[in-house]
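What follows is a short report on a single structure.
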Amino acid sequence: MKIVASCGWLLVLACFNLSLCAADLVFQPSNPPEMKPLTNHNSPAHLAAKQFRRGVNLGDYLEASWNSGISFSPEDFARIKAQGFDHIRVPVGWHQYAGAGPGFELKPEIFGKVDFVVTNALANKLAVLINIHHFNDFDRDPAGSTEKFIAIWRQVAAHYRIQPNPLAFELINEPHDAATTAAINPIYPKVIAEIRKSNPGRTIFVEPGNWGNIPELKNLVLPPDDNLIVSVHCYEPFFFTHQGASWAGADAMVTGYQFPGPPVQPLVPDPALEIKPHVRDLIAKYNTLPTENNPISAQAFKENLQYARAWSDHYGRPVHIGEFGCYIRADAESRIRYYTQFRRTAEELKLGWAMWDWSANFRYWDPQKNQPVAGMRDALFGK
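Each residue of the sequence shown is one higher than the last, beginning at 4 in my numbering.
Structure follows, in structure tokens:
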């Protein structure tokens, strides 16, 4: 997930701006001239991508520095597989268990927790993607945190060096703030080289900066390693998917958006809310524009996903949608329509995906009823 309360309003504005410019999001070759296409579209990365088509995030679990109340049993992995998912994405707060430099030794406790997930997932024939999640020191000072970043991956890679290839590594989740794409471009090759010392054949996922947003692909420069998959995140239309999410800033407190717009009855925000002018403008468009031009519709994500597909084709790099989803405050029918249309669009474009999340606040699985949220199975695995 991408929002923290301290910077939520800034990110909300950024996401809104992306929505506004989606119609102008046309693929062109990357800004950096040193980014060269790979010509082999049957590379190890492309073969690995076939194992990461329909996934789910184990959100608010091993990355949580708070008491989320989320837990998993061996039976959960069997359920995930039985629903139709082929992989899980596992956010992990490795840095929370790291000792002091220069070694930054990881506590055995975290390996035990991740081993439990990896073992049970692989036993159920689920591919596994583990990452570093909420590494805030890196986002604030990527250069100053590079040594720790490399040390963590040195240990993780060594620990899993004999695990089979359905286990993949994602370097870091949603780099942002000081961890711009320009800042992380020279850091990624160092981390990849360290992993390759013990895992020469391991598939590695990488994200661009600016929270993994798709338009940021244009600034990404990768080494000529042919076993890299690029991960991007897409929560558009943001004010629909994050309505009522307290961590997403004051503007996200407007609730009642339906998907897709326009609504039968106009949305009238609570007058007590201090809503910024750009959000009022969005609400006016949501209330009046036809669906094909409405900011709360599939158009908000289609251009982004089409851009990702075009970028992938041009540069010979598989692209995976590592996160998308809708908070449970949206009405149930709108959530189902959103998930259905997003999944269909991604699959039409042959983009693998992992929804956020299994049983937390964007849930697929209802932990109280011990069954899928009504309509979700058809939304993700229907026609």
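Even for Gly, the Cβ is constructed at its ideal location relative to N, Cα and C.
Nothing here was measured: the structure is a model prediction, and the numbers come from that model.
Buried or exposed for residue 284, please, with buried defined as at least 16 other CB atoms from any protein chain shown within 10 angstroms of its CB.
Residue 284 sits at position 281 when you count from the first residue of the sequence shown. Classification of residue 284: exposed, given that the 10 Å Cβ count is below 16.
What separation, rounded to the nearest whole angstrom, lies between the Cα atoms of residue 282 and residue 172?
Here residue 282 refers to the residue found at position 279 when the sequence shown is read from its first residue. Here residue 172 refers to the residue found at position 169 when the sequence shown is read from its first residue. Straight-line Cα distance between these residues: approximately 37 Å.
Report yes if the C-beta distance between residue 178 and residue 212 is below 7 Å; otherwise report no.
Position 175 of the sequence shown, counting from 1, holds the residue named residue 178. Position 209 of the sequence shown, counting from 1, holds the residue named residue 212. The answer is yes: Cβ separation under 7 Å.
Contact belief for residue 125 with residue 208 at Cβ below 8 Å, rounded distance in angstroms
Here residue 125 corresponds to residue number 122 of the sequence shown, with the count starting at 1. Here residue 208 corresponds to residue number 205 of the sequence shown, with the count starting at 1. With a Cβ gap of about 17 Å, residue 125 and residue 208 do not count as contacting.
In or out: residue 6 buried (at least 16 other Cβ within 10 Å) or exposed?
Position 3 of the sequence shown, counted from the first residue, corresponds to residue 6. Unreliable positioning characterises residue 6 in this predicted model, as indicated by a pLDDT of 45, which lies under 50. The coordinate reading is nonetheless provided below. Answer is buried; the Cβ neighbour count reaches 16.
Which residues mark the beginning and the end of the beta strand (DSSP E) in which residue 171 is found?
As a first step, residue 171 is located in the sequence shown; it is residue number 168 there, counting from the start. Run containing residue 171: 170–173, per the beta strand (DSSP E) assignment.
Which residue or residues does DSSP assign as beta-bridge partners of residue 375?
Walking along the sequence shown from the start, residue 375 turns up at place 372. In the DSSP output, where bridge partners are listed per residue, residue 375 has 368.
Are the beta-carbon atoms belonging to residue 290 and residue 270 less than 7 Å from one another?
Looking up residue 290 in the sequence shown gives position 287. Looking up residue 270 in the sequence shown gives position 267. Yes, these two residues count as a Cβ contact at 7 Å.
Which first and last residues belong to the beta strand (DSSP E) in which residue 208 is found?
The residue labelled residue 208 in the question sits at position 205 within the sequence shown. 207–209 is the span of the beta strand (DSSP E), which, as asked, contains residue 208.
Candidates 217, 216, 231, 224, of which the one nearest residue 203 by Cα
Start at 1 with the first residue of the sequence shown, and residue 203 comes out as number 200. Measuring from the Cα of residue 203, the nearest candidate turns out to be 231.
Is it the case that the Cβ atoms of residue 117 and residue 367 are separated by a distance below 7 Å?
Numbered from 1 along the sequence shown, position 114 holds the residue referred to as residue 117. Numbered from 1 along the sequence shown, position 364 holds the residue referred to as residue 367. It is not a contact, given that the beta carbons lie outside the stated cut-off.
Kindly indicate which three-state DSSP category residue 69 falls into: helix, strand or coil?
If you number the sequence shown from 1, residue 69 lands on position 66. Three-state DSSP puts residue 69 in coil, outside helix and strand.
Cα-Cα separation, residue 236 to residue 359:
Position 233 of the sequence shown, counted from the start, is the residue given in the question as residue 236. Position 356 of the sequence shown, counted from the start, is the residue given in the question as residue 359. Roughly 10 Å separates the two Cα atoms.
Coil, strand or helix - residue 131 by DSSP
Within the sequence shown, residue 131 is the residue found at index 128, counting from 1. Note: residue 131 maps to strand in three-state DSSP.
Going by the beta-carbon positions, is the gap between residue 127 and residue 84 smaller than 7 Å?
In the sequence shown, counting from the first residue as 1, residue 127 sits at position 124. In the sequence shown, counting from the first residue as 1, residue 84 sits at position 81. Taking 7 Å as the Cβ cut-off, residue 127 and residue 84 qualify as a contacting pair.
Sequence-distant residues of the same chain with beta carbon closer than 7 Å to residue 97, five excluded per side
Within the sequence shown, numbered from 1, the residue matching residue 97 stands at position 94. For residue 97, where only same-chain residues beyond five positions count, the Cβ hits under 7 Å are 109, 113, 135, 155, 159.
Between residue 343 and the rest of its own chain, which residues show a CB-CB distance below 6 Å, the 5 nearest in sequence each way excluded?
On the sequence shown, position 340 is the one that residue 343 refers to. Same-chain partners within the cutoff: 382.
Compare the C-alpha of residue 374 against each of 86, 55, 39 and name the closest.
Position 371 of the sequence shown, counted from the start, is the residue given in the question as residue 374. Nearest C-alpha to residue 374: 86.
Measuring straight from C-alpha to C-alpha, what distance separates residue 272 and residue 243?
Counted from its first residue, the sequence shown places residue 272 at position 269. Counted from its first residue, the sequence shown places residue 243 at position 240. Cα to Cα, residue 272 sits roughly 13 Å from residue 243.
4-residue-minimum alpha helix (DSSP H) runs that sit fully inside the region 277–335, ordered along the chain
280–291, 302–318
Name the residue from 88, 130, 205 whose alpha carbon lies nearest to the alpha carbon of residue 46.
In the sequence shown, the residue the question calls residue 46 occupies position 43. Comparing Cα-Cα distances from residue 46 to each of 88, 130, 205, the minimum goes to 205.
Considering only residues of the same chain and omitting the five flanking positions on each side of residue 247, which have a CB-CB separation below 6 Å?
Residue 247 sits at position 244 when you count from the first residue of the sequence shown. Hits under 6 Å: 258, 332.
With three or more beta-carbon pairs closer than 8 Å as the criterion, would you say the region 293–303 touches the region 311–320?
no
Backbone secondary structure at residue 58 - three-state DSSP:
Here the question's residue 58 lines up with position 55 in the sequence shown. Three-state result, residue 58: strand.
Just confirm the distance between the C-beta atoms of residue 393 and residue 355, as a whole number of angstroms; I'd bet it's less than 8 Å.
The displayed coordinates of the chain run from 4 to 386. Any statement about residue 393 would go beyond what the structure contains.
Proximity winner among 229, 35, 187, relative to residue 41 (alpha-carbon distances):
By 1-based counting over the sequence shown, the position of residue 41 is 38. Nearest of 229, 35, 187 to residue 41, Cα basis: 229.
Closest to residue 33 by CA distance: which of 324, 369, 220 is it?
Indexing the sequence shown from 1 puts residue 33 at position 30. With distances taken between Cα atoms, residue 33 lies closest to 220.
For residue 148, I'd like the list of residues in its chain whose CB is within less than 6 Å of its CB, leaving aside the five on either flank, ordered along the chain.
The count along the sequence shown starts at 1 and reaches residue 148 at position 145. These residues qualify, in order along the chain: 140, 141.
Run the CB neighbour count on residue 384, radius 10 Å, all protein chains shown included, and call it buried at 16 or more, exposed below.
Position 381 of the sequence shown, counted from the first residue, corresponds to residue 384. Classification for residue 384: exposed.
Measure from the alpha carbon of residue 274 to the alpha carbon of each residue in 253, 266, 103, then state which is nearest.
For the purposes of this step, residue 274 is taken as the residue at position 271 of the sequence shown. Measuring from the Cα of residue 274, the nearest candidate turns out to be 253.
Using 7 Å as the threshold, is the C-beta distance between residue 90 and residue 130 below it?
On the sequence shown, position 87 is the one that residue 90 refers to. On the sequence shown, position 127 is the one that residue 130 refers to. Yes, Cβ-Cβ distance for residue 90 and residue 130 is below 7 Å.
Mind checking residue 68: buried by the 16 CB within 10 Å criterion, or exposed?
As a position in the sequence shown, residue 68 is number 65, starting the count at 1. With fewer than 16 other Cβ atoms within 10 Å, it is exposed.
Neighbourhood of residue 99 by C-beta distance below 7 Å, restricted to the same chain and skipping five residues each side:
Position 96 of the sequence shown, counted from the first residue, corresponds to residue 99. Correct list, in chain order: 68.
Between the CA atoms of residue 325 and residue 201 - distance to the nearest angstrom:
For the purposes of this step, residue 201 is identified with residue 198 of the sequence shown, where counting begins at 1. For the purposes of this step, residue 325 is identified with residue 322 of the sequence shown, where counting begins at 1. Rounded to whole angstroms, residue 201 to residue 325 spans 25 Å at the Cα level.
Residue 55 vs residue 323 beta-carbon contact at 7 Å:
Indexing the sequence shown from 1 puts residue 55 at position 52. Indexing the sequence shown from 1 puts residue 323 at position 320. Yes, these two residues count as a Cβ contact at 7 Å.
Note the first and the last residue of the continuous beta strand (DSSP E) segment covering residue 356.
The sequence position of residue 356 within the sequence shown is 353, counting from 1. Where residue 356 is concerned, the enclosing beta strand (DSSP E) stretches over 355–358.
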